[in-house]
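Input: a single structure, listed below in structure tokens.
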Amino acid sequence: MLSANAAIVPRALLLAAFDQLLQPERFKDYGPNGLQVEGKAEVRKIVSGVTASLALIEAAVAAQADAIFVHHGLFWRGWDGRNNGPIVGWMKQRLALLLAHDINLYAYHLPLDAHPELGNNAQLGRRLGLKADRWFGENQLGFLGSRSGAEDGFDSAEQLAAHIKNALNRPVTLVGSAQAAIKNIAWCTGGAQGYFEDAIAAGADAFITGEISEPQAHYAREMGVAFIACGHHASERYGAPAVAAHVAAQFGLAHEFIDIDNPA
Ligand SMILES: [Zn+2]
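In the working numbering, the protein residues as written are 11 to 274.
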């Protein structure tokens, strides 16, 4: 239950705080960043999560949230390839639940990946003990750091993959020479397999992202650069709670991160 004297913040003020922190105007994104679904005018509690799935919305209702903050919102450019997007099926279910409970949905995609301290890339790096000193690729979303020495315990691609498996508590896919020596490590969370060639050009010995597609397996073998896929969801679990907690603390709002497990 929420205490009677919990802070209350107007919906628009919360939006301004997220916008100020994440600067969505700097990005050409795949969908609208900011307030995607308008709910009640005043917010006392934020629930953060990776994706605005029905399960997350249900959990947010149970947690008495007035706002949900996610990385993957409901609306994407061309979210329904067949026409202009009828509100049917899963979309109707998710929207109906949000609207029935008057919950605000805030979603930030690339700006949440990119934030230098609180974003998905920075937070995954922190989780894995990696620190970037160079950036590459579209929107400079690829992070690249050099290991300072052997003390981190992952000299080879195989050791790095084992380290990631332990840190994220899930299986990972490693393609490329398992014994290859690793000095420069590049990473980009989520479905960033398309950044692999940019990572190679930037000098990476290993590239970490959420997903792998067929071509990257060949590039990894042919270019001698390790490709490590550690799960789209697993690699993007850390940015949304970091940002939501930061903004909630600014206002004294209640915040709770709810992880809806996703093997993909
Ligand atoms: Zn993603």
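Note that the Cβ used here is the ideal one computed from N, Cα and C, for glycine as well.
Asked                                                                                                                                                             : Found
Around the Cβ of glycine 91, are there at least 16 other Cβ atoms within 10 angstroms (buried) or fewer (exposed)?                                                : Reliability of the predicted coordinates at glycine 91 is poor, the pLDDT of 48 falling under 50, and the value obtained from them is presented with this limitation in mind. So glycine 91 ends up on the exposed side.
Among Ala211, Val257, Gly44, Val60, which residue has its Cα nearest to the Cα of leucine 154?                                                                    : Ala211
Could you compute how far the alpha carbon of aspartate 208 sits from the alpha carbon of aspartate 215?                                                          : 12 Å
For glutamine 74 versus lysine 102, is the C-beta distance shorter than 8 Å?                                                                                      : no
How about glutamate 246 and glycine 200: do their beta carbons lie closer than 8 Å?                                                                               : yes
Tell me whether glycine 204 sits in a helix, a strand or coil according to DSSP, three-state version.                                                             : helix
Under the rule that 16 or more other beta-carbon atoms within 10 Å means buried, what is aspartate 76, buried or exposed?                                         : buried
Jot down the residue ranges of each uninterrupted alpha helix (DSSP H) in the segment 115-198, minimum 4 residues, whole runs only, in chain order.               : 120-124, 130-138, 167-178
Give the DSSP-derived three-state secondary structure of glycine 91 in the structure shown.                                                                       : With a pLDDT of only 48 at glycine 91, under the threshold of 50, the placement of this residue in the model should not be trusted; the figure read from the coordinates follows. Glycine 91 falls in the coil class under three-state DSSP.
Any chance the CB of glutamate 221 is under 7 Å from a heavy atom of ligand 1?                                                                                    : no
For histidine 67, count the other beta carbons within 10 Å of its own beta carbon; 16 or more makes it buried, fewer makes it exposed. Which is it?               : The residue you asked about is not histidine; residue 67 is isoleucine in the sequence shown. Buried.
Do the segment 119-139 and the segment 35-48 meet, that is, are 3 or more Cβ pairs less than 8 Å apart?                                                           : yes
Under 8 Å by Cβ, that's how I've got phenylalanine 237 and phenylalanine 267 pegged, so tell me the actual separation to the nearest angstrom.                    : Incorrect: roughly 29 Å between the Cβ atoms, too far for contact.
Which complete beta strand (DSSP E) runs does the segment 212-261 hold, if anything under 3 residues is left out?                                                 : 216-219, 236-239
Using the three-state DSSP reduction, which class does alanine 73 fall into: helix, strand or coil?                                                               : coil
Hey, would you say the C-beta of glutamate 246 is under 7 Å away from at least one heavy atom of ligand 1?                                                        : yes
According to DSSP, is isoleucine 67 helix, strand or coil?                                                                                                        : helix
Under 6 Å Cβ to Cβ from alanine 202, same chain only, skipping five residues before and after it: list those, please.                                             : Thr219
Note down the Cα distance separating histidine 111 from glycine 129, rounded to an integer number of angstroms.                                                   : 29 Å
Should histidine 265 be labelled buried (16 or more other beta-carbon atoms within 10 Å of its own) or exposed?                                                   : buried
With DSSP as the reference, identify every bridge partner of histidine 81, one or two as the case may be.                                                         : Note: histidine 81 sits in no beta bridge, so no partner.
Which residues does DSSP list as the beta-bridge partners of lysine 55?                                                                                           : Ala264
Using the rule of at least 16 other Cβ atoms within 10 Å of the residue's Cβ for burial, across every protein chain shown, is serine 158 buried or exposed?       : exposed
Using a Cβ-Cβ cutoff of less than 7 Å, which residues in the same chain neighbour alanine 132 once the five nearest sequence positions on both sides are dropped? : His125, Pro126
Would you identify the three-state DSSP class for proline 96, choosing helix, strand or coil?                                                                     : coil
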